Amino acid sequence: MERILEVENLHVTFSTYGGTVKAVRGVNFYLNKGETLAIVGESGCGKSVTSNAIMRLIPDPPGKISMGKINFKGKDLTKLGEKKMRSIRGVDISMIFQDPMTALNPTLTIGTQLMEGLRDHHQVSAHEAKNKAIEMMNLVGIPNPEERLKQYPHQFSGGMRQRIVIAIALICEPELLIADEPTTALDVTIQAQILELFGKIQEATGISIILITHDLGVVAKIADRIAVMYAGRIIETGTKRDIFYHPEHPYTKGLLQSVPRLDIKGELIPINGTPPDLFSPPKGCAFTARCPFAMEVCDKVYPGESKLTDTHKVDCWLQDERAKQLIAATVSK
Ligand code: SF4
Ligand code: MG
C-alpha cells in the first residue's frame with residue numbers, strides 16, 4: 001500500500017506567560033492512500049494541534065513545531081517555507097473545520113467561493129471553472145447546482161453549507177483531506193448524511209482522509225484505522241476492529257465504556273478525573289492519576305510502544321514484556 005503521509009516524533013509547543021505548553025509530545029502515525037484514519041480523544045488532547053501542524057497552521061509565535069518530521073509524498077513539510085506551503089494547502093492537502101458558517105464568506109456567492117481556489121492555483125477559463133464547480137456540487141449532493149451557484153451562504157441550511165465547504169475543499173482534487181470535527185455542529189440526521197458523503201467521495205476519488213473527532217459513533221461509521229490520543233501522545237493505534245473489539249489501553253477502554261451504544265443498553269460510565277496539565281506533564285504515563293491499573297513504574301517511566309499485532313500498538317506498561325522486572329526494580333528501591 002502506498003503511504004501518503006508519515007508523521008514522526010512530532011512535538012508542538014506553545015509559549016505562554018505561565019510557561020511552555022507541550023501540546024503534542026512525540027506523535028507518530030502514518031496514512032495509506034485511500035484510507036481514513038480517525039484521531040480521537042478528549043478536547044485538549046492535541047488532536048487539532050496535530051492536524052494544524054500538518055497544514056503548518058500553528059501560529060508561530062506562540063506555537064512551534066519543536067521537533068519531528070511530517071513526510072507528505074516524500075517531502076518533509078516541516079522544512080518548507082510559507083510560499084511552498086501555500087501552494088500545497090487547498091491543492092494537495094485540504095482541511096475542513098467544525099463550523100461551516102465561519103468557513104464561508106457571507107458576502108460572496110457560493111459559485112465565486114468554489115471557483116476562487118481553483119482559479120488561484122490552476123490556469124482555467126471561467127467556463128472550465130464553472131463546469132468544475134457544478135461537478136463538485138453534484139458530487140456533494142446539492143441539487144440544481146447551476147441555479148444554486150448564484151446564491152449566498154445564508155440561503156443554505158447548515159447541512160448544505162457543510163456540503164459546500166466540502167466541495168470547496170475538494171475542488172482542486174487534493175490527495176489528503178483533513179476534517180476536524182466536521183459534523184459536530186450539525187444535528188444527528190444531517191451528521192449521518194455528511195458521514196455517508198465522506199464514504200462516497202472516497203469511493204469516487206480515492207482520497208485519503210484524516211478525521212479528527214471526539215465522537216466514537218462517527219469513528220465507527222467511517223474510519224479504517226484509529227489513533228487514540230491522550231495528553232499530547234498517541235497511546236493506542238489499530239484498525240477499527242482492533243480498537244472497538246480488543247482495546248488494550250485503559251484509557252481506550254474507558255472511552256469506549258463512556259459512549260452510549262445502540263447495541264448495548266446501560267449507563268454512561270464517565271472516566272473519573274481530568275487529563276494532566278501540559279505545562280509539566282508527568283515523565284511517565286500521563287494516564288496514571290486516572291488509571292485503575294496504575295503501578296509504581298507508570299508515572300516514573302513512559303511505557304514504550306508494545307506491538308500487539310502488525311496493526312495494533314499500545315503504550316501501556318500492562319502490555320510490556322519488561323514490565324515485571326521493572327516493576328520489581330522500582331518496588332525494591
Ligand atoms: Fe495505566 Fe500504567 Fe498503563 Fe498508564 S502505563 S495506562 S497508568 S497501567
Ligand atoms: Mg479541536
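Per the UniProt record's numbering, the very first residue in the sequence shown carries number 1; after that it's consecutive.
Note that the Cβ used here is the ideal one computed from N, Cα and C, for glycine as well.
Here the structure is a predicted model, which is why all the values come from computation and not from measurement.
| Check | Outcome |
| --- | --- |
| Looking at ligand 1, does it come within less than 8 Å of P250, judged from the CB to the closest heavy atom? | yes |
| Using beta-carbon positions only, say whether P281 and A231 come within less than 9 Å of one another. | yes |
| Give me the Cα-Cα distance between G74 and L5, rounded to the nearest whole angstrom. | 8 Å |
| Would you list the residues sitting across from E6 in a DSSP beta bridge? | Y30, N71 |
| Going by the beta-carbon positions, is the gap between L177 and I142 smaller than 9 Å? | no |
| Let me check understanding here. Comparing Cα to Cα, which of V40, L31, T50 lies closest to A23? | T50 |
| Can you name, in chain order, every residue of its own chain whose Cβ lies under 8 Å from the Cβ of L80, other than the five neighbours on each side? | R56, I88 |
| Under the rule that 16 or more other beta-carbon atoms within 10 Å means buried, what is T252, buried or exposed? | buried |
| Tell me, please, whether the segment 124-140 touches the segment 212-228 by the rule of three or more beta-carbon pairs shorter than 8 Å. | no |
| Use the C-beta contact count for F29: other C-beta atoms within 10 angstroms, 16 or more gives buried, fewer gives exposed. | buried |
| Span of the beta strand (DSSP E) holding A126? | No beta strand (DSSP E) holds A126; the alpha helix (DSSP H) holding it covers 126-139. |
| So is the beta-carbon of D92 under 8 Å away from any non-hydrogen atom of ligand 1? | no |
| Run the proximity test for L318: is its beta-carbon closer than 8 Å to any non-hydrogen atom belonging to ligand 1? | yes |
| Cβ atoms of L170 and L139: under 9 Å apart, would you say? | yes |
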